[in-house]
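Engineer: Provided herewith is a single structure, encoded as structure tokens, for subsequent inquiry.
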Amino acid sequence: MGSRSYLILFAVVCVFVAAVVLLCVFMPMGETPHGEEPSDIIDDRTDAPTEPPTEAPTERVTDAPTEEVTDPPETLPPLPEDGVREYDSFTVSGRYIPSEDAAAGVSAAIEAFGRPTGFIAVDIETGMTISRDADKKFAPASVVKVVYSLFCFRQIDAGEASLDETLTYTKSDVVYGDGVIGKMGVGAKLSLRDVLYHTLNTSDNEGYYMLLRRFGRTGVDEMTSALGCKTCKFKNSRWPQVSCRDLAIIWAEIYRYRDETDGGRLLYEMLTNVEKMHFFRDALDCVTANKSGWNAESYNEGGIVYGDRTYILVVLTEGSYWTANKTQFGDIVRSINKMMSEYAAFFEPEKTT
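Position 182 of the sequence shown, counted from 1, bears residue number 167 in the numbering used here, the numbering being contiguous throughout.
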């Protein structure tokens, strides 16, 4: 090959090398050869954003919880399996937590009273219950007259007796002889309506014995058993022992019965107009339907309280009328009512503001 040919070949090689160099110099940055994984390349192009775009926030939005809420609020706790929450002096069945002040008030009132005490308060609408020794038997004295009167009115509504029939006061009906009927003297004649009125309104013992003689004891025990009462049996005593829970059952029936028959309405009217001894009404200064009772062994009352919530209340004790302090008994009633008022605020805040 001549020198001219070598010169031509050398020029071609130089052009090829120059082309390769130019291609490498002007190749776009940031690209990598096909088939290789990109390295940690820092893109410093002026059009590359230095902060995340505004439509992609770095923090969660404020209306999205940062963590899942698994526990209910303190005012609405989960119920124990048995549905009952225990406190020092009472239990609560229902979704209500008494304040420390209200709970301490009940304990203090019971301690100040200083005698065995049982009670039950039941919200008429929801069934929420606050109680203490609700199944213990007490001797409630004349409180049992409301049980027997319910039986009498049911007999009247069933056509087994008439409010206008005449009953005669006999020697077998004499207890102390100092009641309204006793002062009329043996042989006095009264309508069944009047006997029921005096038995409930002035707690007349002679009137109560006249009712027992007229209607007997078997039927009333059948009634209490049918209602689910485990105590309050008249078979062996005209003054049976009874539990707070069973008296609450009776008052729930009285409350229901008031809208069912004429007899039920009359019974409830008599109970809301009791003249002699109404401990709940005196303590709370509100409307109640009630029946009290006391003797040498007990100081008691049961009824319906129309407070911030309408509820059944029964308080039974072993403190006699002569030794128990009426003010201290009232303190127990007021402390229970305070919890029921708290429950009203918990259950219906718009009605207590």
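We put the beta carbon where it would ideally sit given N, CA and C, even for glycine.
Among residues of its own chain, excluding the 5 on either side of Thr273, which ones have a beta-carbon nearer than 6 Å to its beta-carbon?
Structural biologist: The residue labelled residue 273 in the question sits at position 288 within the sequence shown. So the qualifying residues of the chain are Phe265, Arg266, Gly288 and Val290.
Engineer: By Cβ distance, which residues of its chain are closer than 8 Å to Lys130, with the 5 residues on each side in sequence left out?
Structural biologist: Reading the sequence shown from its first residue, position 145 is the one you call residue 130. Excluding sequence neighbours, Lys130 sits near Thr184, Leu185, Ser188, Tyr193, Lys276 and Gly278.
Engineer: Would you call Asp163 buried or exposed, if buried means 16 or more other Cβ atoms sit within 10 Å of its Cβ?
Structural biologist: Within the sequence shown, numbered from 1, the residue matching residue 163 stands at position 178. Burial call: exposed.
Engineer: With three or more C-beta pairs closer than 8 Å as the rule, is the segment 71 to 82 touching the segment 104 to 117?
Structural biologist: As far as the Cβ criterion goes, the segment 104 to 117 touches the segment 71 to 82, which means the pair count is three or higher.
Engineer: Give me, in chain order, the residues of the same chain whose beta-carbon lies closer than 7 Å to that of Gly213; leave out the 5 immediate sequence neighbours on both sides.
Structural biologist: Stepping through the sequence shown from its first residue, residue 213 is reached at position 228. Taken in chain order, the residues that qualify are Ile234.
Engineer: Got a sec? Which residues, its chain only, sit under 6 Å from Asp231 by beta carbon, not counting five neighbours each side?
Structural biologist: Start at 1 with the first residue of the sequence shown, and residue 231 comes out as number 246. These residues qualify, in order along the chain: Cys214, Thr216 and Cys217.
Engineer: In angstroms, rounded to a whole number, what distance separates the CA positions of Phe219 and Val205?
Structural biologist: Taking the first residue of the sequence shown as 1, we reach residue 219 at position 234. Taking the first residue of the sequence shown as 1, we reach residue 205 at position 220. C-alpha separation (whole angstroms): 7 Å.
Engineer: According to the neighbour-count rule (16 or more other Cβ atoms, all chains shown, within 10 Å of its Cβ), is Glu36 buried or exposed?
Structural biologist: Here residue 36 refers to the residue found at position 51 when the sequence shown is read from its first residue. Bear in mind that a pLDDT of 36 at Glu36, under 50, signals an unreliable position, so the number given afterwards is only what the model happens to contain. By the neighbour-count rule (16 or more Cβ atoms within 10 Å), Glu36 is not buried but exposed.
Engineer: Could you say which of Gln226, Lys174, Leu197 and Asp142 lies nearest to Asn285 if we only look at CA atoms?
Structural biologist: Here residue 285 refers to the residue found at position 300 when the sequence shown is read from its first residue. Checking every option, the nearest Cα to that of Asn285 belongs to Gln226.
Engineer: Quick one: grab the DSSP three-state call for Asn221.
Structural biologist: Mapped onto the sequence shown, residue 221 falls at position 236. Looking at Asn221 - three-state DSSP - the assignment turns out to be coil, as it is neither helix nor strand.
Engineer: Can you tell me the Cα-Cα spacing of Trp236 and Val128, whole angstroms?
Structural biologist: To locate residue 236, count along the sequence shown from 1; it is residue 251. To locate residue 128, count along the sequence shown from 1; it is residue 143. Cα to Cα, the separation comes out at about 11 Å.
Engineer: Give me the residue from Lys121, Glu96, Val91 and Ala87 with the minimum Cα distance to Ser228.
Structural biologist: Working through the sequence shown from its first residue, we reach residue 228 at position 243. The candidate whose alpha carbon is nearest that of Ser228 is Lys121.
Engineer: Among all the DSSP beta bridges, which residues are the ones paired with Asp108?
Structural biologist: By 1-based counting over the sequence shown, the position of residue 108 is 123. Looking at the DSSP assignment, Asp108 forms a beta bridge with Tyr296.
Engineer: Do Gln313 and Ile97 come within 8 Å of each other at the CB atom, strictly closer than that value?
Structural biologist: Position 112 of the sequence shown, counted from the first residue, corresponds to residue 97. Position 328 of the sequence shown, counted from the first residue, corresponds to residue 313. It is Ala, not Ile, that sits at residue 97 in the sequence shown. Yes; because the gap between Cβ atoms is below 8 Å, this pair is in contact.
Engineer: With 16 other CB atoms within 10 Å as the buried threshold, where does Ala211 fall?
Structural biologist: In the sequence shown, residue 211 corresponds to position 226, counting from 1. It is exposed - the Cβ of Ala211 has fewer than 16 other Cβ atoms within 10 Å.
Engineer: Mind checking whether Asp244 and Ala94 have CB atoms under 8 Å apart?
Structural biologist: In the sequence shown, the residue the question calls residue 244 occupies position 259. In the sequence shown, the residue the question calls residue 94 occupies position 109. Cβ distance not < 8 Å, so Asp244 and Ala94 don't count as in contact.
Engineer: How would you label Asp356, buried or exposed, when you count the other beta carbons within 10 angstroms and need 16 or more for buried?
Structural biologist: The displayed coordinates of the chain run from -14 to 338. Any statement about residue 356 would go beyond what the structure contains.
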